[in-house]
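This report refers to the structure that appears directly beneath it.
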Amino acid sequence: MSRTVFGRILIAIGTLLLIGALSLYLYNRYDADRAATASTEIEEKLSDAMLSAATSEYSLEVEEDENGEPYSVITLTVDENGYIGILSIPSYGLELPVLSEWSYQGLKNSPARYTGSASAGNLVICAHNYERHFGNIKNLSAGASITFTDVTGMVYEYEVTEVEAVEPTAISEMITGDWDLTLFTCTRSGQARVAVRCKLVS
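Residue numbering for the sequence shown follows our numbering, beginning at 18 and increasing consecutively.
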């Protein structure tokens, strides 16, 4: 094989790799923008529903924590999905609806409750690392304010105490501890999770 042919093959391979990388980048941007739009639309509908909901429209479920202690989860249905409230992260101007149960499909549109509840002081919320979901929580500083408003209008104000990296398989570390609220997402590489630990201040 001549050097000219070999060079052309390398150029072709390089071009294909660049096209593949560009396609992946453009898809990720599209998916992130779609998720941001979806969560904004849901948050607006949920806010309206919270203002006008009758008592009969709420659903109540009782679950148990890791110690077998019962706690309640109150949800409100919007577009056939149950939500527990709205999470606010002022540092990034985010107002996000929170699904009552997580699923891979559900996380494409909004963050979701992984376990626990705000009223029980053990709420854990997960989300994708989309820029307008939890993509920037790794940059939150200790002392940053986070607010969760449940579907009944009860407001819980939290303060970030620490941000840590957790192994993807360390599920028990994610859901146990003395934190009133934990937010978590995968890192960009997917090799670890970022966990933001918060304490209730009001």
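Ideal Cβ positions, reconstructed from N, Cα and C, are used throughout, including at glycine. It should be emphasised that the depicted structure is a prediction, and the values quoted were computed from it without experimental measurement.
Where the beta strand (DSSP E) containing residue i begins and where it ends
i, result
"S162", "S162 to D167"
"I142", "L140 to C143"
"V218", "Neither: V218 is in no beta strand (DSSP E) and is coded neither H nor E."
"L77", "Y75 to E81"
Proximity below 8 Å, CB of residue i to CB of residue j
i, j, result
"G102", "V90", "no"
"H150", "L113", "yes"
"S35", "M67", "It should be pointed out that residue 35 corresponds to Leu in this sequence rather than to Ser. No, Cβ-Cβ distance for L35 and M67 is not below 8 Å."
"A159", "T178", "yes"
"A53", "Y147", "yes"
"S105", "L111", "yes"
"L200", "I142", "yes"
Where residue i falls: helix, strand or coil (DSSP)
i, result
"R130", "strand"
"E14", "Because residue 14 is not part of the residues shown, which for the chain are 18 to 219, the question remains open."
"P107", "helix"
"A55", "helix"
"S89", "strand"
"T202", "strand"
"A212", "strand"
"G123", "helix"
"E97", "coil"
"L157", "coil"
Pick from the options that is closest to residue i, judged by C-alpha positions
i, options, result
"G133", "A161, E184 and M191", "M191"
"T204", "A70, L198 and A144", "A144"
"D167", "T178, L124 and Y100", "Y100"
"E83", "T202, Q208, G194 and V211", "G194"
"Y173", "P128, I28 and L140", "L140"
"G152", "T72, S117 and S108", "S108"
"R130", "N156, N98, E148 and L111", "N98"
"Y75", "V218, P185, S117 and P128", "S117"
"V183", "E176, K155 and K62", "K155"
"V51", "N126, A187, S219 and V218", "According to the sequence provided, residue 51 is Arg. The question's Val does not apply to it. Closest by alpha carbon: N126."
Range of the contiguous alpha helix (DSSP H) that encloses residue i
i, result
"T192", "What sits at residue 192 in the sequence shown is Ile, not Thr. Unbroken alpha helix (DSSP H) run through I192: I188 to I192."
* Please determine if the stretch 120-139 and the stretch 167-180 are in contact, where contact requires at least 3 C-beta pairs separated by less than 8 Å. => yes
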